[in-house]
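In our numbering, the protein residues as written are 946 to 1219. In what follows, a structure is listed as structure tokens, so that the remarks can point back to it.
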Ligand SMILES: [Zn+2]
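See the structure below:
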């Protein structure tokens, strides 16, 4: 049987309470964050950390919930919140139907994040109002097609869900389109912000610099892929040449997580250009 190790820590940065949940299965550890600011809860953590996140939520006075996307580690406790109090839960319009059913995803993700129960969500407008701020709801597809980022106009804080995660991305989920991720990262730079709240890396005081570094990394990667592609190499050959080794998650996930998804998104783009 799988034994899960679980913990949660609460940190405060500015006016934002950050709940840092951790799960580990057989030595593979993952972090996931939920943020609370000005009556707004941004993402709800995973159901595998239900007790931990619920003890955090109980101390808050949540008036509305905003989900960056529908993945189970962000929406895992939305149903519980809905049972406790009748408040709006917002998600990208395209994921409302998906959220209305229990989550359906592979076993390795269930082992880590638990089951995501169904809940009723509603679509965002272009902006969201909290007591002391107006927020921009920014379409930032890439990690998923339903991915959104939230910008607090009053404080300049940027909440980026799973758009950033880390600078040097080496594996992505099969549904991620890295070409769109790159465009979304560039789109964020049109907003005036320094601090980023990332759902897996947490609070980043130098978030703008981190996002710029990720853009530079992905552009350099794109250049390398373009060179090998123009020499006639296949996606498999380009993947091996650039990433050299296969990461454990690739096998564990039956290739749902793979470096090759990064390469194929770029070469698909090159094919469309020519
Ligand atoms: Zn995600």
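Here a beta-carbon is modelled for each residue, glycine too, at the ideal position from N, C-alpha and C.
{"query": "Would you give the residue range spanned by the alpha helix (DSSP H) that residue 1158 belongs to?", "result": "1152-1175"}
{"query": "Drop a sphere of 10 angstroms on the beta-carbon of residue 992, count the other beta-carbons inside from all chains shown, and report buried for 16 or more, exposed for fewer.", "result": "buried"}
{"query": "Using the three-state DSSP reduction, which class does residue 1193 fall into: helix, strand or coil?", "result": "helix"}
{"query": "State the DSSP-derived secondary structure class of residue 1111, mapped to helix, strand or coil.", "result": "coil"}
{"query": "Does at least one heavy atom of ligand 2 sit under 8 Å from the Cβ of residue 1106?", "result": "As far as ligands go, the structure on display features ligand 1 and does not contain ligand 2."}
{"query": "Quick check on DSSP: helix, strand or coil for residue 1217?", "result": "helix"}
{"query": "With DSSP run on the structure shown, which of helix, strand or coil describes residue 1017?", "result": "helix"}
{"query": "Considering only the alpha carbon of each residue, which of 1064, 1098 and 1059 lies closest to residue 1075?", "result": "1098"}
{"query": "Between which residues of its own chain and residue 1073 is the CB-CB distance below 8 Å, once the five residues before and five after are set aside?", "result": "985, 1009, 1011, 1035, 1079, 1080, 1082 and 1095"}
{"query": "Is DSSP giving residue 1053 helix, strand or coil here?", "result": "helix"}
{"query": "Could you pull the DSSP bridge partners for residue 956 from this structure?", "result": "963"}
{"query": "Going by DSSP, what residue range makes up the alpha helix (DSSP H) through residue 1116?", "result": "Per DSSP, residue 1116 belongs to no alpha helix (DSSP H) and is neither H nor E."}
{"query": "Specify, as a first and last residue, the run of the beta strand (DSSP E) that residue 1093 falls within.", "result": "1093-1097"}
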